[in-house]
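Here's the structure, in structure tokens; my notes come after.
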Amino acid sequence: MAEIQEIVIEPGKSFKGYWRELVAYRGLFLFLVWRDVLVRYKQTVLGVLWCLLRPLVTMVVFTIVFGHLAAFPSEGGAPYPILVFAALLPWQLFSSAVGDCSNSLVGNASLIGKVYFPRLLVPISALLVNLVDFLVSSLLLAGIMFWYGFLPGWRLLALPAFLGLAFLFAFSIGLWTSALNVKYRDFRYVVPFALQLGLYLSPVGFSSRIVPPEWFWLYSFNPMVGVIDGFRWALLPDAPSLYLPGLLNATILTLLIGASGLNYFRRTERRFADVI
21 MAEIQEIVIE PGKSFKGYWR ELVAYRGLFL FLVWRDVLVR YKQTVLGVLW
71 CLLRPLVTMV VFTIVFGHLA AFPSEGGAPY PILVFAALLP WQLFSSAVGD
121 CSNSLVGNAS LIGKVYFPRL LVPISALLVN LVDFLVSSLL LAGIMFWYGF
171 LPGWRLLALP AFLGLAFLFA FSIGLWTSAL NVKYRDFRYV VPFALQLGLY
221 LSPVGFSSRI VPPEWFWLYS FNPMVGVIDG FRWALLPDAP SLYLPGLLNA
271 TILTLLIGAS GLNYFRRTER RFADVI
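Pasting the structure below:
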């Protein structure tokens with residue numbers, strides 16, 4: 021009688037082996053990204069125009085509320101709509117990416133339950149899909165800046181660095197929320213509420229310079245403050261100098277959240293198929 025052998029497939033335990041697996045499954049990763057892009061705009065009336073409608077409406081509302089009713093000052097001599105839209109670019113990227121990452125594992129429950137692959141590919145693919153929205157919104161901002169005759173200077177070259185920080189922060193939060201959402205399904209309600217609260221706690225509709233200097237160091241512990249100020253500094257030629265201690269705070273905090281999130285994700289992913 022032939023001996024029955026049991027084959028157990030599990031994530032690579034070593035750090036190097038884990039990343040080697042991610043590279044080996046790059047074909048699946050590209051498929052997940054392309055599938056999510058198609059699903060996002062499938063059977064929609066306006067299609068990609070939704071990427072323009074949401075930030076455009078938000079810009080108008082914030083300009084009226086903060087720029088006209090509250091009479092908050094602009095920054096760098098920029099018209100208030102440009103000030104707001106320069107902040108909406110990274111905020112929309114961050115909030116959409118965190119929301120998609122949080123629901124990515126639960127949304128792919130059937131795939132995760134049937135076949136093994138590195139589960140980290142799922143939140144990463146959900147993150148990158150939002151780059152399409154970001155690029156489309158960037159074209160709208162370019163059009164608005166051209167309309168006002170307000171063009172960026174050489175500091176625009178630094179924009180990819182702040183974009184990378186926004187991506188990294190979104191991914192760091194997404195690692196935690198995606199893994200926690202598998203075990204605690206009420207996180208699907210917590211995340212949108214937290215993002216809505218963060219929108220008003222971050223300097224999206226106003227300049228961060230209205231925060232009193234004695235409190236700004238504490239305010240800068242919100243990593244999106246450094247990201248938004250960085251975007252404005254890169255896009256607005258006469259924007260004030262960057263608050264470097266705050267940018268350092270944002271970077272260190274993002275790396276700490278990312279490292280701890282990756283560690284938690286790796287420790288729990290082997291149970292995703294059983295729990296989900």
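Residues in the sequence shown are numbered consecutively from 21, following our numbering. In this text, a Cβ means the ideal position worked out from N, Cα and C, and glycines have one as well.
Checklist entry - Quick one: is the Cβ of residue 120 within less than 7 Å of any heavy atom of the ligand NAP? => result Inclusion of the ligand NAP in the displayed structure is not the case, the ligand content being empty and no account of it being possible.
Item to check | Pick from 108, 184, 87, 149 that is closest to residue 230, judged by C-alpha positions | outcome: Within the sequence shown, numbered from 1, the residue matching residue 230 stands at position 210. When each option's Cα is compared against that of residue 230, the closest is 87.
Checklist entry - Any idea if residue 157 is buried or exposed, counting beta-carbon neighbours within 10 angstroms, 16 or more meaning buried? => result Your numbering for residue 157 matches position 137 in the sequence shown. With 16 or more other Cβ atoms within 10 Å, it is buried.
Next on the checklist: Considering only their Cβ atoms, is the gap separating residue 76 from residue 171 smaller than 8 Å?
Outcome noted: Position 151 of the sequence shown, counting from 1, holds the residue named residue 171. Position 56 of the sequence shown, counting from 1, holds the residue named residue 76. No, Cβ-Cβ distance for residue 171 and residue 76 is not below 8 Å.
Next on the checklist: Check whether the region 204-223 and the region 236-249 are in contact - that is, three or more C-beta pairs closer than 8 Å.
Outcome noted: yes
Next on the checklist: Rounding to the nearest angstrom, what Cα-Cα distance links residue 25 and residue 271 in this structure?
Outcome noted: Position 5 of the sequence shown holds residue 25. Position 251 of the sequence shown holds residue 271. Because the pLDDT at residue 25 is just 49, under 50, the model does not fix this residue reliably, and the point stays unresolved.
Next on the checklist: Closer than 8 Å is the cut-off here; do at least three beta carbon pairs connect the region 260-268 with the region 113-131?
Outcome noted: no
Next on the checklist: So, at 7 Å on beta carbons, what are the nonlocal neighbours of residue 243 in its own chain, with the 5 sequence-adjacent residues on each side left out?
Outcome noted: Translated into positions along the sequence shown, residue 243 becomes position 223. The answer, listed in chain order, is 189, 270, 273, 274.
Checklist entry - Going by alpha carbons, who is nearest to residue 185 out of 100, 248, 141, 57? => result Counting from one through the sequence shown, the residue named residue 185 turns up at place 165. Residue 185 has its Cα closest to that of 248, out of 100, 248, 141, 57.
Item to check | C-alpha distance - residue 58 paired with residue 71, whole-angstrom precision | outcome: As a first step, residue 58 must be located in the sequence shown, where it is residue number 38. As a first step, residue 71 must be located in the sequence shown, where it is residue number 51. Roughly 14 Å between the two C-alpha positions.
Item to check | Status (buried if at least 16 other CB within 10 Å, exposed otherwise) for residue 235 | outcome: On the sequence shown, residue 235 is found 215 positions in, with the first residue counted as 1. Exposed is the call here.
Checklist entry - Can you check whether the CB of residue 104 is closer than 8 Å to the CB of residue 250? => result Your numbering for residue 250 matches position 230 in the sequence shown. Your numbering for residue 104 matches position 84 in the sequence shown. It is not a contact, given that the beta carbons lie outside the stated cut-off.
Item to check | Whole-number beta carbon distance between residue 285 and residue 177, since they are thought to touch under 8 Å | outcome: As a working mapping, residue 177 is identified with position 157 in the sequence shown. As a working mapping, residue 285 is identified with position 265 in the sequence shown. Contact flag wrong, Cβ pair sits at about 34 Å.
Checklist entry - When DSSP labels each residue in this structure, what does residue 173 get in the three-state scheme? => result Translated into the one-based positions of the sequence shown, residue 173 becomes position 153. Looking at residue 173 - three-state DSSP - the assignment turns out to be coil, as it is neither helix nor strand.
Checklist entry - Given residue 132, which residues of its chain have a CB within under 7 Å of its CB, disregarding the five upstream and five downstream residues? => result Position 112 of the sequence shown, counted from the start, is the residue given in the question as residue 132. For residue 132, where only same-chain residues beyond five positions count, the Cβ hits under 7 Å are 125, 139, 292, 293, 296.
Checklist entry - How big is the Cα-Cα spacing for residue 80 and residue 290? => result Translated into positions along the sequence shown, residue 80 becomes position 60. Translated into positions along the sequence shown, residue 290 becomes position 270. The alpha-carbon atoms of residue 80 and residue 290 are separated by roughly 46 Å.
Checklist entry - Below 8 Å between beta carbons: does that hold for residue 212 and residue 96? => result Position 192 of the sequence shown, counted from the first residue, corresponds to residue 212. Position 76 of the sequence shown, counted from the first residue, corresponds to residue 96. No. Outside cutoff.
Checklist entry - Taking the alpha carbon of residue 214 as the point to measure from, which residue in 233, 193, 202 has its own alpha carbon closest? => result Walking along the sequence shown from the start, residue 214 turns up at place 194. Among 233, 193, 202, the Cα nearest to that of residue 214 is on 193.
Checklist entry - Can the beta-carbon of residue 182 be found less than 8 Å from the beta-carbon of residue 254? => result As a position in the sequence shown, residue 182 is number 162, starting the count at 1. As a position in the sequence shown, residue 254 is number 234, starting the count at 1. In contact: residue 182 and residue 254 (Cβ atoms closer than 8 Å).
Checklist entry - Among residues of its own chain, excluding the 5 on either side of residue 201, which ones have a beta-carbon nearer than 8 Å to its beta-carbon? => result Counting from 1 along the sequence shown, the entry for residue 201 is found at position 181. So the qualifying residues of the chain are 122, 123, 125, 126, 207, 208, 211.
Next on the checklist: I believe residue 198 touches residue 56 by the beta-carbon criterion, under 8 Å. Please report the beta-carbon distance rounded to the nearest angstrom.
Outcome noted: As a working note, residue 198 is residue 178 in the sequence shown. As a working note, residue 56 is residue 36 in the sequence shown. Going by Cβ atoms, the distance from residue 198 to residue 56 rounds to 14 Å, so no, they are not a contact pair.
Checklist entry - Hey, would you say residue 43 sits closer than 8 Å to residue 148, going by beta carbons? => result For the purposes of this step, residue 43 is taken as residue 23 along the sequence shown, with counting starting at 1. For the purposes of this step, residue 148 is taken as residue 128 along the sequence shown, with counting starting at 1. Not in contact: residue 43 and residue 148 (Cβ atoms no closer than 8 Å).
Checklist entry - Can you tell me whether residue 111 is buried or exposed, with buried defined as 16 or more other CB within 10 angstroms of its CB? => result The residue you call residue 111 lines up with position 91 of the sequence shown. So residue 111 counts as buried.
Item to check | First and last residue of the uninterrupted alpha helix (DSSP H) at residue 234 | outcome: Position 214 of the sequence shown, counted from the start, is the residue given in the question as residue 234. 233-239 is the span of the alpha helix (DSSP H), which, as asked, contains residue 234.
Item to check | Whether residue 252 touches residue 107 by CB criterion (8 Å) | outcome: Counting from one through the sequence shown, the residue named residue 252 turns up at place 232. Counting from one through the sequence shown, the residue named residue 107 turns up at place 87. Cβ distance < 8 Å, so residue 252 and residue 107 count as in contact.
Next on the checklist: Can you tell me whether residue 245 is buried or exposed? The criterion is at least 16 other CB atoms within 10 Å of its CB, across all chains shown.
Outcome noted: As a position in the sequence shown, residue 245 is number 225, starting the count at 1. Buried, since its Cβ has 16 or more Cβ neighbours within 10 Å.
Checklist entry - Do you know offhand how far residue 187's Cα is from residue 180's? => result Position 167 of the sequence shown, counted from the first residue, corresponds to residue 187. Position 160 of the sequence shown, counted from the first residue, corresponds to residue 180. Between residue 187 and residue 180, the C-alpha separation is close to 10 Å.
Item to check | Proximal residues to residue 78 (C-beta, below 7 Å), its chain only, five neighbours per side dropped | outcome: Residue numbering aside, residue 78 sits at position 58 when the sequence shown is read from its first letter. 108, listed in sequence order.
Item to check | Buried versus exposed, by CB contacts within 10 Å (16 or more), residue 280 | outcome: Taking the first residue of the sequence shown as 1, we reach residue 280 at position 260. Under this definition residue 280 is an exposed residue.
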